[in-house]
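Just so you know, our numbering puts 599 at position 122 of the sequence shown, and the rest follows in order with no gaps. Cβ atoms here follow ideal geometry from the backbone N, Cα and C, with glycine treated the same way. Shown next, in structure tokens, is the structure this report addresses.
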Amino acid sequence: MRPIFITFFLLFCLSGVAQNKQYTFVFLNTRTDKTELPKEEVDKLMEGHLANITRLAKEGKLIVAGPFDGGGGIFILNTTSIDEANAWLSTDPGIQANRWKLDVLPYQPRIGGVCAAKEPYEMVTYNFIRFRSNIHKETVGDYPMLLKKHDEYLKQLAKNGNVITEGIFDDQEGGILIMKGDIQAEVFENDPAVKGGTLLFEVKKLWVAKGAFCEQ
């Protein structure tokens, strides 16, 4: 599948955009309950999936795409409309076949941005951290204060030079942090909002073109 992944990544960033612009962020989450299909059918779905990525990129609708190590991946779409994003996504044969469970979220980068990767592409692996809100009756009272401390913690973390990009989703959906280099789980376990129970986090490896998040 490696050649397919390479093709997938050479299509992710075809149009440059302003750093302060908002987008739609899509998680293609691996389904544990997906139907087992013959290899030939899976390959056909992937071929259609890649062709759809190519078309969306050429139309300026898809800006970034990249897979996670172990399955799944992300899209960043050039729209602020969830309805429009879902319409674009609905043309993907793999999505039509329910090969992934989708999270489709409004996205605002706060550090870095979303940019076009320039040829020749240099593929890189980054640490991808997703923060999820964990709001319930025991944590709701502390949420605003701890979220502010979380933001301050990330700003301090960015000073070490390893942060590639950071951004948030709307409606208390959390956010993401992308970092280079070696990282330890303790870094995120010490986040005040994580320690306070109002945020949960998970760390994955993302394969993407260097420059996709406006990094040098």
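Going along the chain, which residues of its own chain have a beta-carbon closer than 6 Å to the beta-carbon of residue i, five neighbours each way excluded?
| i | result |
| --- | --- |
| arginine 609 | Gly651 and Leu677 |
| glycine 549 | Leu505, Asn506 and Thr507 |
| leucine 654 | Ile606 and Glu643 |
| glutamate 599 | Lys687 |
| glutamine 649 | Ser610 |
| glycine 658 | Asn639 |
| aspartate 546 | Lys682 |
Quick check on this structure: which residue in the options has the alpha carbon closest to the alpha carbon of residue i?
| i | options | result |
| --- | --- | --- |
| alanine 686 | Pro515, Thr602 and Lys672 | Thr602 |
| lysine 632 | His613, Gln649, Met656 and Lys614 | Met656 |
| proline 586 | Phe502, Ser558, Gln693 and Pro515 | Phe502 |
| aspartate 628 | Ile645, Ile559 and Asp659 | Ile645 |
| glutamate 779 | Gly674, Leu522, Trp684 and Ala542 | Residue 779 lies beyond the stretch modelled for the chain, which goes from 478 to 693, so this question has no answer here. |
| aspartate 619 | Ala689, Ala594 and Lys672 | Lys672 |
| proline 544 | Trp577, Glu561 and Tyr500 | Trp577 |
| isoleucine 559 | Asp546, Lys538 and Ala593 | Lys538 |
| asparagine 638 | Glu561, Gln693, Ala662 and Glu513 | For clarity, residue 638 is glycine in the given sequence; the question names asparagine instead. Answer by Cα proximity: Gln693. |
| threonine 557 | Leu623, His613, Lys516 and Tyr500 | Tyr500 |
Answer yes or no: do residue i and residue j have a C-beta to C-beta separation smaller than 8 Å?
| i | j | result |
| --- | --- | --- |
| asparagine 555 | valine 581 | no |
| alanine 670 | lysine 636 | no |
| asparagine 604 | valine 680 | yes |
| lysine 511 | asparagine 575 | yes |
| isoleucine 551 | isoleucine 540 | no |
| proline 583 | aspartate 647 | yes |
Among residues of its own chain, excluding the 5 on either side of residue i, which ones have a beta-carbon nearer than 8 Å to its beta-carbon?
| i | result |
| --- | --- |
| glutamine 573 | Ser567 |
| phenylalanine 482 | Annotation note: pLDDT 46 at phenylalanine 482 (below 50); position unreliable, no value reported. |
| leucine 579 | Val503, Phe504, Leu505, Asn506, Leu566 and Ile572 |
| alanine 662 | Val680 |
Beta-carbon within less than 7 Å of residue i's beta-carbon, same chain only, minus the 5 sequence neighbours each way: which residues are those?
| i | result |
| --- | --- |
| aspartate 569 | His526 and Asn529 |
| lysine 595 | Gly688 |
| asparagine 667 | none |
| leucine 522 | Pro570, Gly571, Ala574 and Arg576 |
| isoleucine 588 | Ala635, Val640, Thr642 and Glu643 |
For residue i, is the classification buried or exposed, using 16 other Cβ atoms within 10 angstroms of its Cβ as the cut-off for buried?
| i | result |
| --- | --- |
| leucine 634 | buried |
| lysine 682 | exposed |
| alanine 542 | buried |
| leucine 514 | exposed |
| valine 664 | buried |
Using a threshold of 7 Å, is the CB atom of residue i nearer than that to any non-hydrogen atom of the ligand COA?
| i | result |
| --- | --- |
| aspartate 619 | Within the structure as shown, the ligand COA is missing, as the structure has no ligands at all. |
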